[in-house]
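Q: Below you will find the structure I want to go over with you.
In the working numbering, the protein residues as written are 6 to 622.
As structure tokens, then:
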């Protein structure tokens, strides 16, 4: 008997605002549409009194349920409650964030009448589970493995947290792939026939919540990242927020009413602002019109493309500064860049395109790949490559990526000693020697940081470990050899060894402050299974309820049919009318009834209906 075929590995673009999934099938990448027929799915999760919603269904009810509709989880993942970006975002999010154990930000919602707290990893795992379900439905199998993309500028904490989210979603991560590198794969495959020799490419990836810029060299079979830069907190959401602030101020000016603390009004403004932003990419002005925005007041306002650009010019300038910094790090002149490739929905903004084109002295921008799907496309190609699938072109693919941020150790005087500089090719291992800083020192505490600042505390603290039982000696005599290793996912392991005693210690940096423990991940996985079961049960209830409601409607229609009423006795007619009326009242007050209770009620109705109307079916 032939062995059972392994399900294919998929590629997932886990975006701030939208996510996308692809798979290598029939000698090409298929971007998989969800049940709504959309090829991208909102990275949005909502909780109601009766159910949990993910994707389009969650986003569609956001304005009516703002405090329990969660978005932007990617802006929270791997961060601490006290981070400046988290505190800033909390001012514009309609949902509540509280400080959890170890400084972890926790999202507070009300689900089925009970207050619950979720970590960003849990919300992201729900989105990943949704993308997995979309793939399962298309492939008619249970997918187990995936390549998941992350912003190139994600630090170690954010990468680890993303892996945790995938574990909770029941996915084995083949690789965490940098988003611009994924886009470069899509570009490389799309343009392979026309690539002669080396092509120097700048990937400009401006999405809903993050911005990446990477310089790469692409040949027939290889993609080599030279430099990666960007901002993990810059994208379309920020542009939307600026528009919301503008309209809040206008509403206040017109009606002397402050709506800045009203989640529902802000949610409706956010939806209208996002729609207006999209329209302004193809026209020079548009209107937003919202009925009963606040206190019974209908709100209408015009916004021009020029005003939108003015509101967001500082963000656009930051994008260009990052491009300039990338070229500077690579020691490249602008003229060395052969192609400027646009990725991410926010690159559709005309001003962004114009500024980028001006920066490169009028060079035509490459718009040949779909900006919404390119990242998932590249991830799907690498997933096929890593699982031994795909054609020869896919199997021959060779990737060389870099670490976007410097990694080092805190040394005496709060200075960071850099072990691995930014833009070092990964995987990589670097070693260095550190000595004791005072006489008879018996242990050394190694604190690991990531970032570009000279002072350790100005960088991102990743974790710490201690090397103990050192031989007692004068200051500077006893030494320890420290090794930093970064794997292909960009995740760091640090070890230290004392050469004389052989004493050693090591950690895979897990950012213990705020990182999920193994037990927490297992509990979240169990909870995820429970939520999935609850969702399935609710779906069964809804289907049973709808079937009963339709049956009552059919009974009522028959009972009111003049031809039938002529041929049925008055006693039976009254009984039928009473049964229909009773059933309608029952439906009204039993919307949350269990499936078996609903099924029992339907059988009772069928019995009555068949006894009276059996001849007319």
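For every residue, glycine included, the Cβ atom is placed at its ideal position computed from N, Cα and C.
Does residue 140 pass the burial test, meaning 16 or more other C-beta atoms within 10 Å, or should it be called exposed?
A: Taking all protein chains shown into account, residue 140 has 16 or more neighbouring C-beta atoms within 10 Å of its C-beta and is therefore buried.
Q: Over the uninterrupted alpha helix (DSSP H) stretch that includes residue 468, give me the two end residues.
A: Not the alpha helix (DSSP H): residue 468 falls in the beta strand (DSSP E), residues 465-472.
Q: List the DSSP bridge partners of residue 408.
A: 429
Q: Quick check on this structure: which residue in 204, 223, 309, 237 has the alpha carbon closest to the alpha carbon of residue 252?
A: 309
Q: Quick one: Cα of residue 240 to Cα of residue 504, how far?
A: 49 Å
Q: Once the 5 residues before and after residue 508 are set aside, which same chain residues still bring their CB inside 6 Å of it?
A: 474
Q: Can you list, in chain order, the residues of its chain with a C-beta nearer than 7 Å to that of residue 492? Leave out the 5 residues immediately preceding and following it.
A: 432
Q: For residue 41, which of helix, strand or coil comes out of DSSP?
A: It is coil, neither helix nor strand.
Q: Apply the 10 Å Cβ neighbour rule to residue 575 and answer buried if 16 or more other Cβ atoms are within range, or exposed otherwise.
A: exposed
Q: If you count every other CB in all the chains shown that lies within 10 Å of the CB of residue 546, and 16 or more means buried, which is it?
A: buried
Q: Do residue 149 and residue 12 count as a contact pair if the criterion is CB distance below 8 Å?
A: yes
Q: For the alpha helix (DSSP H) that contains residue 150, what are its first and last residues?
A: Taken as a continuous stretch (DSSP letters only), residue 150 belongs to no alpha helix (DSSP H), being part of the beta strand (DSSP E) at 150-155.
Q: Whose CA, out of 580, 162, 586, lies closest to the CA of residue 496?
A: 162
Q: Just the C-alpha distance for residue 362 and residue 18, rounded to the nearest angstrom, thanks.
A: 27 Å
Q: Helix, strand or coil for residue 505? Go by DSSP, reduced to three states.
A: coil
Q: Give me, in chain order, the residues of the same chain whose beta-carbon lies closer than 8 Å to that of residue 44; leave out the 5 immediate sequence neighbours on both sides.
A: 25, 36, 37, 38, 377, 378
Q: Helix, strand or coil: which one does DSSP assign to residue 451?
A: strand
Q: Figure out for me which residue from 448, 494, 613 has the closest Cα to the Cα of residue 152.
A: For residue 152, the closest C-alpha among the options 448, 494, 613 is that of 494.
Q: How would you write the range of the beta strand (DSSP E) that residue 187 sits in, first residue to last?
A: Premise fails: residue 187 lies in the alpha helix (DSSP H), 184-195, not in any beta strand (DSSP E).
Q: Once the 5 residues before and after residue 263 are set aside, which same chain residues still bring their CB inside 7 Å of it?
A: 257
Q: If you check the beta carbons only, do residue 613 and residue 584 fall under 8 Å apart?
A: yes
Q: Return the CA-CA distance between residue 472 and residue 169, expressed in angstroms with no decimal places.
A: 28 Å
Q: What residues match up with residue 438 in a beta bridge as DSSP calls it?
A: 486
Q: When DSSP builds the beta bridges, which residues end up paired with residue 121?
A: 114
Q: Measure the beta-carbon distance from residue 27 to residue 299 and round it to whole angstroms, keeping in mind my assumption that it falls under 8 Å.
A: Not confirmed; about 42 Å, so no contact.
Q: Pick helix, strand or coil for residue 320, following the three-state DSSP scheme.
A: Assignment of residue 320 by DSSP, reduced to helix, strand and coil, places it in the helix class.
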